[in-house]
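Numbering (the working numbering), first residue to last: 4 to 365. All C-beta atoms in this analysis are idealised placements derived from N, C-alpha and C, irrespective of residue type, glycine included. Each remark here refers to the structure printed beneath this line.
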Ligand code: F6P
């Protein structure tokens, strides 16, 4: 077992419900092993600007119930520069921080791997509502965000039903359609539109007309924010609002548009997020003590595991069709085959759910 005197913990990128539970679990797990813990405020910028606070068992009391992140968050561009990294390393040395746990999404992990390459043992924990870390079946915050979506959309359905209207609801998720797809199924949406699968607008228009004729009054269409369309002048604009207008124009069903945006990023975390955050936070400390670094804690088939961060980031780019030249050069043929299989597995799972959404939306 590796000996650490002090570890730091930070949250970075878009906040997610459950991040506080991660910080609490890291703090208490480390304290239980006689390791001091400090919080790095405001993500990586806290490392650059020396915003370091001691964390005790008491300073993380009650945070498990709170949304947001009490360590605050940031998307820090300076950290990507050599000067930024040098300041961060100097802060870690000055405050005698031996290792770091970071909680966030893919941008956060790019920072984590940079720290690890500079010799700082670093472990990542997946905290993002988007569920877009391809290596992991689950990211902390996803369940709470989806529960918030269904709460809001259920309310929209009430009023849609009263007025015989359709409501197109745009939900976050960046270029991952998981929130839209799963909440679409759970709220009984008449159609779901996600970036990963082509959308047949005409088919949906016909479906809505038919549903209205059969007596269906309230209807919801769920669209992921990651779907864009050309505005006719070469500019990509979000599709949700455009679709709402098309349905309104072509079906005879009055149609409204709602963008849920950041509403779904706040709120008290669900049981799923509190529990997963606690398990992942504790696992991150265990990995550091085993002498591991440059890993991200993931969930696969209901079990916690860990995976090399560079592998996870490259896999993400492969899945999203964003591989850059030379990305795969550092991986063995076996690793590349593993990545391809993981991408296929994810696509297959998504397709099964998408087909189900279609089947039950009449
Ligand atoms: O990654 C989380 C997320 O909420 C995405 O769903 C969304 O696209 C993005 O962050 C919004 O970022 P910001 O809070 O910087 O506007």
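Any heavy atom of the ligand F6P closer than 8 Å to the CB of residue i?
i	result
residue 244	no
residue 220	no
residue 131	yes
residue 71	no
residue 17	yes
residue 175	yes
residue 108	yes
residue 8	no
residue 78	yes
residue 228	yes
residue 166	no
residue 268	yes
residue 265	yes
Please name the residue, chosen from the options, that lies closest to residue i on a Cα-to-Cα basis.
i	options	result
residue 123	202, 100, 343	100
residue 145	282, 185, 229	185
residue 17	230, 35, 75	75
residue 167	84, 192, 257, 208	257
residue 175	137, 131, 159	131
residue 183	232, 161, 133	133
residue 345	325, 111, 239, 138	138
residue 308	300, 315, 352	300
residue 57	143, 297, 11	11
residue 358	42, 201, 276	201
residue 77	47, 114, 298	47
residue 60	96, 38, 150	38
residue 136	158, 118, 110	110
residue 305	232, 216, 140, 262	140
residue 227	250, 340, 171	171
Looking only at DSSP bridge pairs, what is residue i linked to?
i	result
residue 201	Note: residue 201 sits in no beta bridge, so no partner.
residue 394	The structure shown does not extend to residue 394, since the chain is modelled only from 4 to 365, so the question has no answer here.
residue 239	233
residue 9	39
residue 303	306
residue 196	226
residue 126	104, 298
residue 57	41
residue 143	130
residue 14	106
residue 181	Paired residues: none, contrary to the question.
residue 311	298
Can we count residue i as close to the ligand PLP, meaning its CB is less than 8 Å from some heavy atom?
i	result
residue 144	As for the ligand PLP, it is missing from this structure, which binds only the ligand F6P.
Alpha helix (DSSP H) runs wholly inside the segment 61–100, at least 4 long, in chain order: Counting only runs of 4 or more residues that sit fully inside the segment 61–100, the alpha helix (DSSP H) segments are 85–97, in chain order.
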